[in-house]
Amino acid sequence: MKINKYLSLVLAITLLVSCEKNKIEYNTTDIADKAEFQLHYYVPVTAVAANNITKVEINGQLFANNKAPLTTYNAIPNGAVGRFYAVDPGTVNIKMYTGTDMATLVYDQNTTLTAGKQNVFVHDFIQVPVVFSNDYPYTPNATGVTDSTAWVKFYNFLYETSGAPSGKKLQYQYIDSRTSLPVNIGQPVSFGETTGWQKVTVVKSVNISSGSRLITFKMKEVDINGVIGDLQIRGTSGSYAAYSATATLFIGRRYHHTMAGFRAVASPNSSVRIFTAL
39 MKINKYLSLV LAITLLVSCE KNKIEYNTTD IADKAEFQLH YYVPVTAVAA
89 NNITKVEING QLFANNKAPL TTYNAIPNGA VGRFYAVDPG TVNIKMYTGT
139 DMATLVYDQN TTLTAGKQNV FVHDFIQVPV VFSNDYPYTP NATGVTDSTA
189 WVKFYNFLYE TSGAPSGKKL QYQYIDSRTS LPVNIGQPVS FGETTGWQKV
239 TVVKSVNISS GSRLITFKMK EVDINGVIGD LQIRGTSGSY AAYSATATLF
289 IGRRYHHTMA GFRAVASPNS SVRIFTAL
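Residues in the sequence shown are numbered from 39 upward in steps of one, following our numbering.
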């Protein structure tokens, strides 16, 4: 018994010393003062593989290649919600390439990024990108039992035709499932502007669930005289119709909704593309 007692004591001391000598550490980088960004690609081109961005260089360093391409009307980093690239604040050079050989340079512009999270939108191959604050940290809508809120941030990058940004102000709306009436999502925004984060009421389709619903979205246009009407967009058939689309929103989540493409040309026709922020 004494031998077992001593053996147990020696083993305990050995384990204690072992734990003290072998600390588990992770390689991390402090990004408190870094400029964090997501890169959005909304140049009005057809959604085919030839137009995918197969290589992205930031300040001369490779950030993405054809193993994870930046597809049309999408954003990187991809693969997980809430990911950002990080660089030093200041002047940042962005180069984008197409082609399976990643050799065709299609974009080479400088922009200024500040400390914190931001969203960088490339909408024209010959213009500097538009940079928006990500408005992080996000404020939750906490309740005692459940919630009924999702957030949408709408961006206007609608072109009329090639090289011609739309002069229309756009009022984004959703249809309230309780009243079947349209509800404005923020204020009307001009080309290159955003509504900022806006609350959208989501009434659960299934009571005992995490909470989601298929929601219908509409869009109004505001002309230079302040007249409001349904936004008419040209479809692939060549005819015009009032914009309408659906998307499923989950309670507590945040979504970037970006109107892009050509309003008055059949291809690439305009629509809202969605990128999940949270």
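Cβ coordinates follow ideal geometry from the N, Cα and C atoms, glycine included. Just so we're clear, the structure is a prediction, and the values are computed from it rather than from any experiment.
To the nearest angstrom, how far is it from the Cα of residue i to the Cα of residue j?
i	j	result
VAL48	PRO127	Below a pLDDT of 50, predicted positions are generally treated as unreliable, and VAL48, at 46, falls in that range; no measurement from the model is reported.
VAL240	SER186	5 Å
GLN236	THR296	14 Å
TYR111	VAL144	16 Å
TYR212	VAL168	26 Å
ARG301	GLU198	5 Å
VAL244	MET257	27 Å
ASN116	SER218	35 Å
ARG291	TYR174	14 Å
ASN148	PHE288	36 Å
THR252	PRO178	Contrary to the premise, residue 252 reads as Leu rather than Thr in this sequence. When rounded, the distance between both Cα atoms is 22 Å.
ALA202	VAL166	16 Å
ILE51	PRO107	With a pLDDT of 47 at ILE51, under the threshold of 50, the predicted position of this residue should be treated as unreliable, though the coordinate-derived value follows. When rounded, the distance between both Cα atoms is 53 Å.
GLY137	LEU196	26 Å
GLY249	GLY224	23 Å
ILE266	VAL190	22 Å
ILE262	TYR278	21 Å
Please determine, among the options, the residue with the shortest C-alpha to C-alpha distance to residue i.
i	options	result
ILE132	LEU100, PHE122 and ALA141	LEU100
THR286	ARG311, PHE300, HIS161 and PHE75	ARG311
GLY299	THR149, VAL81, ILE69 and VAL158	VAL81
HIS294	THR150, ALA304, GLY276 and LEU316	LEU316
GLY264	ASN157, GLY120, ASP173 and LYS206	LYS206
PHE130	ASN97, GLN225, THR217 and GLY276	Note that residue 130 corresponds to Val in the displayed sequence, not to Phe. Taking only the C-alpha atoms, the option nearest VAL130 is ASN97.
SER275	PHE288, VAL303, LEU108 and THR92	VAL303
SER200	ASN103, HIS161 and PRO107	HIS161
GLN365	VAL119, ASN179, VAL166 and ASN222	Residue 365 lies beyond the stretch modelled for the chain, which goes from 39 to 316, so this question has no answer here.
ALA153	ASP146, THR142, ALA141 and TYR123	TYR123
ASP71	TRP189, LYS155, VAL119 and ASP214	LYS155
THR142	ARG216, ASN172, ILE91 and ILE69	ILE91
ILE69	ARG121, ILE266, ASN104 and ASP214	ARG121
Does the distance from the CB of residue i to the CB of residue j come in under 7 Å?
i	j	result
VAL125	ALA73	yes
VAL86	MET134	no
PHE192	THR233	yes
PHE395	HIS78	The displayed coordinates of the chain run from 39 to 316. Any statement about residue 395 would go beyond what the structure contains.
ALA113	PHE255	no
ASP268	ALA280	yes
ILE151	PHE75	Note that residue 151 is Leu in the sequence shown, not Ile. Yes, they are a contact pair.
ILE271	SER308	yes
PRO226	VAL260	yes
ALA188	VAL119	no
ASN157	ASN172	yes
Pull the bridge partners of residue i from the DSSP assignment, please.
i	result
VAL160	TYR79
ILE114	LEU77
GLY267	GLU259
ARG291	Per DSSP, none; premise fails for ARG291.
MET134	VAL94 and TYR145
ASN253	Inspection of the sequence shows that residue 253 is occupied by Ile rather than by Asn. Bridge partners of ILE253: ALA285.
ILE312	HIS295
THR150	THR129
SER248	Its beta-bridge partners do not exist; DSSP assigns none.
Just to check, is the beta-carbon of residue i closer than 6 Å to a non-hydrogen atom of the ligand FAD?
i	result
PHE313	With respect to small molecules bound, the structure shown includes none, and the ligand FAD cannot be examined in it.
Beta-carbon of residue i versus every beta-carbon of chain B: anything under 7 Å?
i	result
ASN112	Absent here is chain B; the protein component of the structure consists of one chain.
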